[in-house]
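Quick note, the sequences are listed as chains A and B, same order.
Going by full-length UniProt numbering, the first sequence opens with residue 1, and the numbers climb by one from there.
Going by full-length UniProt numbering, the second sequence opens with residue 1, and the numbers climb by one from there.
Glycine residues also receive a C-beta, built at the ideal position from the N, C-alpha and C atoms.
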Amino acid sequence: MPPKQSLSMAWLLQYLRPVKWRMVLLLFMLLISIALQLVNPQIVQRFIDQATGSGTVSSLLALAGLYLVVAVLNQLFTVALDYLGNDVAWRSTNRMRADLLKHTLRLDMRFHNRKTPGEMIERIDGDVTHMSNFFGMFIVQIVGSFVLLTGILGYMFVHSLPIAATMTAFTCLSIGVMFAIRNLGVKSSQEERQANASLFGLIEERISGIEDVQANGGVPRLMNRYHRAMRAVFRSGLKAWMLRVTPWNATVILFTIAVTAVLLISVRLYLHGEITLGTLFLFFQYTQMLNDPMEQLGNQLQEFQKAKSGMLRTRELLSSRSEIEDGVEEALPDGPLSVSFEQVSFSYNEEQQVLHEISFDLKPGERLGLVGRTGSGKSSISRLLLRLYNIDDGIIRIGGVDIRSLRLKALYRRVGMVTQDVQLFDGTLRDNLTLFNPNLSDEEVFETTDRLGLRPWIEAMPLGLDTRLTTGGASLSAGEAQLFALTRVFLTKPSLVILDEPSSRLDAATEAALQTAVDQLLERCTGIVIAHRLSTLDNVDKIMVLRQGRMIEFGARDALAQNPSSEFFRLLQSDRQEELA
Amino acid sequence: MTVTQFMGRLFRYNPSIYIVNGLLWGLFHSLPVGIGLGMKWFFDRATGQSHDYLWLVFPLLVVALIRVTRVGMFYVAFYKWVTYIYILQAVLRRNLLGGIMRWPGRNLPASPGEAMTRFREDVDEVVEYVESWVDFWGRLVYAVTCIVVMARINGLITSVAFLPLVVVTLLNNLSGNRARKYSKTNREATGRITGFIAETFGAVQAVKLGQAEDHVLNRFLKLNESRRRAALRDNLFKQWMKSLNQHVLSICTGVILLMCASEMKAGRFTVGDFALFTSYLTTFSFSISLFGYMVFQHKRLRVALDRMRILFRPGEEDRVAEHSEIYLYGDPPDVPEPTADEGDRMRSLEVRGLTYNYPNSENGIRDISFRVERGQFLVVTGRIGSGKSSLVRTLLGLLPKTDGTIMWNGRLVEDPANFLKPPRASYTPQVPRLFSDTLQENITQGKSTSQDSLDRVVRLAVMEQDLLTLEKGMETFVGPRGVMLSGGQIQRAATARMLMTQSDLFIFDDLSSALDIETEKTLWERLFQERDVTCIAVSHRRAALMRADHIIVMKDGVVEAEGTLSELLNTSLEMQLLWQGEETPSEEVGDGAEQPA
């Protein structure tokens, strides 16, 4: 999709293309249903003329019976139309939801760092649902209304030119007015949607972090925040609703004038004997029927305004580009990958430099330990390696290839990362371990979990891998969750692994047991280990010490550990003092 | 609570707005009576003898006037109705949120994302039903007037119009269970989708790095597809029921035609009467549809109501319709500070036989007892999965204890979740959550505080260095769940948040796991320089163990051993193992090759 496109129907139509045959069927059925609607008043006209004239009771009964048949048929078509319209709407909006999810997942972390999951629910599901009526029903109703209008007007033209002319003039005027003020409520509807997204963002976030709120006495203040957010929804919503109904009201007034005018003319014609009483009644019925398409148009305009605000927000989301441009290179050397940083500088925002001119080389299969205080830039290095952010300056190469020229898919296929923060899905254990990848066999899962010591725990579960982890893994301890994260990454068989304090939440006894397994797994790849605890770094080849974004030391671990003037030596000493104090 | 009781309570919440709405919409819906009478009037004059144009069209002008009045009426009524919508949404959502926040911790029987559908769709369903009840009175007046007017014209024909009412109501009564079933599957499918979106974006980094975008998308497509099916079936059924109502009415119109054929021939039924009948019947059909639909809605609402009620703790489900303040027209009052009752300041906390079993699992804690005096430092240690976190969470009421007693100053604590909170106790979870606000807002939780006390907690939590490196200092926006900060920063911000509450008892669940040794050491040093600090900390780190007055060693959910550090190192094998594991690295600093067994 091109980056910028003017907002047009054409964009929406692309979602209707896959359902075009359903649309054709829908329109076809619509035409039949309209024809039936036009027939019934004709029957009534005959009925009246015959009832007040010379018709027999039996012919009257026949007309009444015909009326019944047509009415029942009409009902059946209405239900079928509604079903089909809904089907089209769901199919096309589901595509749109999927597109949105796919697109936003590709956006860079700068984007995700600003959006709460609750807000994303509103934008991917809420906004699109607002558009759902627009697909299917909107087009059908608009087309249907116009056809019905034309049918009625056409009939009137046959019977009386002045009436038809008046009716046409008013119809055009109404439609014109409707169109002229159709955008009245769009802007405030957008504000309403945003207020809703904020409200739901707030609620979702606090429910997710319920313990943090409760155990620190934050509930009363949360309620206060809720009231403010709900009030914003109320104020924007009230305005949006009132503005949205205005076009509809305008058309009702115009319609009233039109109907009155038509009847006034018809009465004159009737008095001159140009039309029968039955025809007068037919005109009356048709003017009543005109009410329907006009009201439909008005309703659809309201829907249109809702849909348009959703559409604008959706388009905005779809046109936001990731700052990370995908490369084209696919190929990376087989086996463990080398890593090199050349004069890499990086900042999350302009004022605050996080990394200053970092340069180092790591040969395939080597393991690097990253040491430094919190906030020294350790985690930033790992995030840069995975292109979660763009660097400001310098070059990062993996396997000798500049990562900017690599396709992200190719990069992620070979590089894995375990972080401190483990996110779990409401799904089975298997889903959580394989991240919904159906190609991983249970044997592979068990092989890895066996190594990491998670297998006995899984087997103790009532349904094994099919056990559901309910409500975001509330029944899992943080340590168990971390084992999950390790399993996830090693299941993808990476050639370069970054472990961002993978054992920080484990106790020493468990950690020691785990260390062996992790070391074994690391044998097949290059590894970068970030650690607070120097004990985690006993088996690495190289050490890098970071302080405030600068690399102050880099070298072989053993050499540094034995050199009393090195920073690493000093750290080991203070570690030992702490332990012995 | 039945749907009827629930609706009753809801109407009584703000009766004036309901009555105003009922009156305005009542007028709006009964005005068409005038239109029908006007048209009859016109057609009767048209078939009459006089052919004076102005005399003839006068009823038409009256009808036009009624129509215009109706539009004005609509505007006012609509304004009132939209206001009412938001009042209902506000009070229901407020009650839901309040109810959720009374749950012990994360035991909510719905995932956060899934709970969101109850704030959206289920609340909207209630609003929809209220809408029917607002329209009801006007429609009823209209229907009754119609019947009276029609009956006076021709009683026999009118009685036919009563038939559908009976039929429709019967049909709806029969279809209630299916309606509920379809509606429930539809809601559940929607809940799964919102839950999945929330979790996906909560785990967006893991999804990206795990190359799981395609798998996640496939799952999403599947969920979407099953919702499409559920929604279509739900909707088809709804439409079918609606259309059945219409069917019955079309048939009745046909029957009326049949019946009045002979009457009209005989001149006992005028064209004006016919105009009135057809004009009334179409609008009358809406009234009948509404009544039938309301029976259906009433049954269907059971689903939405149950889904909302489940968010409340057992026993207090009825609070879903509680009459809470909603502050739509003014700022909510500032939150009163919890004041510490001096007589009730902590002197001791005693726990006896505390037990909690995770449902459907043998995990949990059994029979834990300990005692903490003011000023003491209690450390809970043990292996992964030994029940340390479960212990503190059960103590705090974040998990509902299945047995045991908690005594505060020797007095029994009935409801720990309500009692053990600031200013008595506060807590930092193992994986703390920050919220998408500024850092200051997160630490103070929106409370206005002096710069001094803020500086104090920041220093205690060893955050002052970080503040210098953060672009906007305290005003830095931390992002959802605090993602803009590092893990260590989140942990210390959460610690600062806890300290800010100035509670008597601080409970750390593995505070130190994301901190490096130097930072952690500083933190404990600074904390114990403060006078009069009482702490319970879950930790397996030496820095904490060495400062403990008392240590509890947990294993497989029970207390394996307890005592001071030196006692335990002498007597407890488990403690020795835990201590040893921690010790190994420093012992092997020199050669650094071997691994501990």
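Within-8 angstroms CB hit, residue i to chain B
i	result
A:H159	no
A:D541	no
A:F234	yes
A:Y389	no
A:N216	yes
A:K409	yes
A:D212	yes
A:G185	no
A:I207	yes
Beta-carbon proximity check, residue i vs residue j, cutoff 8 angstroms
i	j	result
B:M1	B:E317	yes
B:Y53	A:R91	no
B:L92	B:V126	yes
A:M23	A:A80	no
A:V529	A:L385	no
A:N572	A:L514	First, the residue type needs correcting, since residue 572 of chain A is Leu and not Asn in the sequence shown. No; because the gap between Cβ atoms is not below 8 angstroms, this pair is not in contact.
B:F508	B:A548	no
Residue i at chain A interface by Cβ criterion, 8 angstroms
i	result
B:K447	yes
B:P32	no
B:K421	yes
B:F220	yes
B:P400	no
residue 598 of chain B	This structure gives no information on residue 598 of chain B, because the portion of chain B shown stretches from 1 to 597.
B:H51	yes
B:K555	no
B:L54	no
B:E560	no
B:G113	yes
B:F435	yes
B:K265	yes
Proximity test, residue i beta-carbon vs the ligand PLP heavy atom, cut-off 7 angstroms
i	result
A:L271	The ligand PLP is not part of this structure, which contains no ligands at all.
Burial state of residue i, where buried means 16 or more other Cβ atoms lie within 10 Å
i	result
B:R347	exposed
B:N418	exposed
A:W248	buried
B:C535	buried
B:T47	exposed
B:D214	exposed
B:M546	exposed
B:F528	exposed
B:V144	exposed
A:P18	exposed
Three-state secondary structure assigned by DSSP to residue i
i	result
B:Q211	coil
A:Y348	strand
A:C172	helix
B:G72	helix
B:T2	coil
A:Y67	helix
B:H298	helix
A:L108	Note on residue identity: the sequence assigns Asp, not Leu, to residue 108 of chain A. In this structure, A:D108 counts as coil in the three-state DSSP scheme.
A:I528	strand
B:L108	coil
Give me the subset of the segment 267-300 of chain A whose CB atoms are less than 9 angstroms from a CB atom of chain B, sorted by chain position. So the close ones are V267, R268, Y270, L271, L277, G278, L280, F281, F284, Q285 and Q288.
Can you list, in chain order, the residues of the segment 181-212 of chain B whose Cβ is nearer than 9 angstroms to any Cβ on chain A? For the segment 181-212 of chain B, which is checked against every Cβ of chain A, the residues closer than 9 angstroms are T190, R192, I193, T194, G195, F196, I197, A198, E199, T200, F201, G202, A203, V204, Q205, A206, V207, K208, L209, G210, Q211 and A212.
So if I threshold CB-CB distances at 8 angstroms, which residues from the segment 87-102 of chain A count as touching chain B? Against chain B - using a Cβ distance shorter than 8 angstroms - the residues of the segment 87-102 of chain A are D87, W90, R91, N94, R97, A98, L101 and K102.
So if I threshold CB-CB distances at 7 angstroms, which residues from the segment 143-171 of chain A count as touching chain B? Cβ proximity to chain B below 7 angstroms picks out nothing from the segment 143-171 of chain A.
Contact list for the segment 516-529 of chain B against chain A, Cβ threshold 9 angstroms: Those would be D516, I517, E518, T519, E520 and K521, in chain order.
Return the residues of the segment 117-145 of chain A that lie within a Cβ-Cβ distance of less than 8 angstroms from chain B, sorted by chain order. Along the segment 117-145 of chain A, going in chain order, the ones with a CB nearer than 8 angstroms to a CB of chain B are P117, G118, M120, I121, I124, D125 and G126.
Quick one: which residues of the segment 228-244 of chain B get their C-beta closer than 7 angstroms to a C-beta of chain A? List them in chain order. Of all residues in the segment 228-244 of chain B, only R228, A231, L232, N235, L236, Q239, W240 and S243 place a beta-carbon less than 7 angstroms from a beta-carbon of chain A.
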